[in-house]
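Numbering (the UniProt record's numbering), first residue to last: 17 to 436. Note that CB positions come from ideal geometry on N, CA and C, so glycine has one too.
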Ligand code: PMP
């Protein structure tokens, strides 16, 4: 992290662990938002002087930006291994992508969703034809439960909502098997790949899913750009997600002709810099999957070995501790307030983790119950390309000290947050 805090923030924040003029900050909250890659920062800086409106301008800068914007679409298509006929629609993030799809469902579409989903995947689907499946005990049970739920759906279009990796436990879901049973029941699938895509290749056609949603800020790009990729037919038949310029072919006094294709849902001046950053991050990841996997495996193994030595620690798990996962671990420690642990890790040790219910209230409450914890919330630690062995080791020894000796500073609770 750069040594200087942005001037606009002011001086009231207490800077943790300033060593040699640098903030020794360990960001172990990659699952919330991952730091920007150098290549992404360079790409953004290169584009900023050319910043102009896409599609509509005749000027040279507009031509540059139009190429960049449509080039980003092609790179997203390649990143998720989309079929030729799939649409790539740029959105703000995964939440936006899933809400867009929810608005594009055909009339009377039945939706089946696991109750362990992140709220972004759990909540956009309204109406009586939504069926929630209780959290399964194993990947095989998930496949059976989806099969049974789809078999009970009324006649008509069907959509199964599935997640690649849990944002609470990092555990991988059996995406290809879920997509296969959905297909055999005549259902389409949408994959919430917000947590999976930064860690493992996601290939739509290979997995056999129909739609994929991703967020740039979890893929080592800045905020504000995401994508929905998938079957064009429902999307072309739907009303535009946003009404406005760019989505129209021709507007008459009493009628509007809407575009087909991604433009239909992308009204307004688009986030060219954001999608360029997103596409650059995707290209970087795609060129380095082996290194990404090796790095994360080392960190995750070290992290979990360290956590296993903390007295009273209970790790949350959907499918069992041995199940394959990306670099995300949530836990509680007996007798410890998760919010206080997170606050002391930040203030005294310069370590960023998250505490709470992680926008997956149903999932976390259930997992806490199953783990025998009464703490009401959990701590989540997540690693990625911005994490180092030193970060993990510092976190484990800081947590050990906090649990065995208590915080060194005094904290007070204000509006539910602990402050030193
Ligand atoms: N799904 C999962 C699994 C997530 O982890 C998140 C972000 N925490 C989202 C969806 C929503 O992503 P965003 O906030 O970028 O819309």
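- If you check the CB distance, residue 170 and residue 122 do not come in under 8 Å.
- For residue 279, same chain residues with a beta-carbon under 7 Å away, outside a window of 5 residues either side, are 262 and 263 in chain order.
- As a beta-bridge residue in DSSP terms, residue 43 pairs with 368.
- Membership of residue 274 in any alpha helix (DSSP H) is not indicated; the residue belongs instead to the beta strand (DSSP E) covering 272-274.
- For residue 234, the shortest separation between its Cβ and any heavy atom of the ligand PMP lies below 7 Å.
- According to DSSP, residue pairing for residue 85 in a beta bridge does not occur.
- Taking every protein chain shown into account, the CB of residue 100 has fewer than 16 other CB atoms within 10 angstroms, so this residue is exposed.
- For the region 219-283, the continuous alpha helix (DSSP H) assignments of 4+ residues that do not extend past its boundaries occur at 220-223 and 248-253, in sequence order.
- With a cut-off of 7 Å, the C-beta of residue 69 is classified as distant from the ligand PMP, since no heavy atom of the ligand falls inside that distance.
- Cα atoms of residue 224 and residue 148: separation of roughly 22 Å, rounded to the nearest angstrom.
- In this structure, 397 is the residue among 271, 363 and 397 with its C-alpha nearest to the C-alpha of residue 331.
- If you measure from each CB to the nearest heavy atom of the ligand PMP, the residues under 5 Å come out as 109, 110, 111, 134, 136, 183, 208, 210, 211 and 231.
- Excluding sequence positions up to five before and after residue 196, its CB lies within less than 7 Å of the CB of 224, all in the same chain and listed in chain order.
- In the structure shown, residue 374 adopts coil according to DSSP, grouped into three states.
- Burial of residue 91 is indicated by the presence of at least 16 other C-beta atoms within 10 angstroms of its C-beta.
- Here DSSP, grouped into helix, strand and coil, assigns residue 429 to strand.
- Contact between the region 369-388 and the region 281-293 is absent: fewer than 3 CB-CB pairs across the two stretches fall below 8 Å.
- Check the Cα spacing between residue 297 and each of 317, 418, 88 and 226: the tightest is with 88.
- The Cβ atoms of residue 52 and residue 237 sit closer than 8 Å to each other.
- Check the Cα spacing between residue 277 and each of 145, 222, 286 and 253: the tightest is with 253.
- Here residue 343 really is in contact with residue 215; their C-beta atoms are around 7 Å apart, less than 8 Å.
- Your pair residue 435 and residue 428 checks out as a contact, with CB atoms roughly 6 Å apart and the cut at 8 Å.
- CA-CA distance, residue 130 to residue 152, rounds to 8 Å.
- The Cβ neighbour count for residue 269, taken over all protein chains shown within 10 Å, is under 16; the residue is labelled exposed.
- Contact between the region 198-213 and the region 173-183 is present: three or more C-beta pairs spanning the two stretches fall below 8 Å.
- Within its own chain, the residues whose Cβ lies closer than 6 Å to the Cβ of residue 232, once the five positions on either side in sequence are excluded, are 241, 242 and 294, listed in chain order.
- A Cβ-Cβ distance of about 15 Å is found for the pair residue 159 and residue 187, leaving them out of contact under the 8 Å criterion.
- In the displayed model, residue 334 falls within coil according to three-state DSSP, outside both helix and strand.
- Separation of the CB atoms of residue 387 and residue 371 is rounded to 15 Å, and the pair is thereby denied contact status at 8 Å.
- Residue state for residue 349 is assigned as strand, using DSSP reduced to three classes.
- Distance from residue 318 to residue 228 at the Cβ level is roughly 31 Å; contact not present, criterion being Cβ atoms closer than 8 Å.
- For the pair residue 365 and residue 414, the CB atoms are nearer than the 8 Å cut-off.
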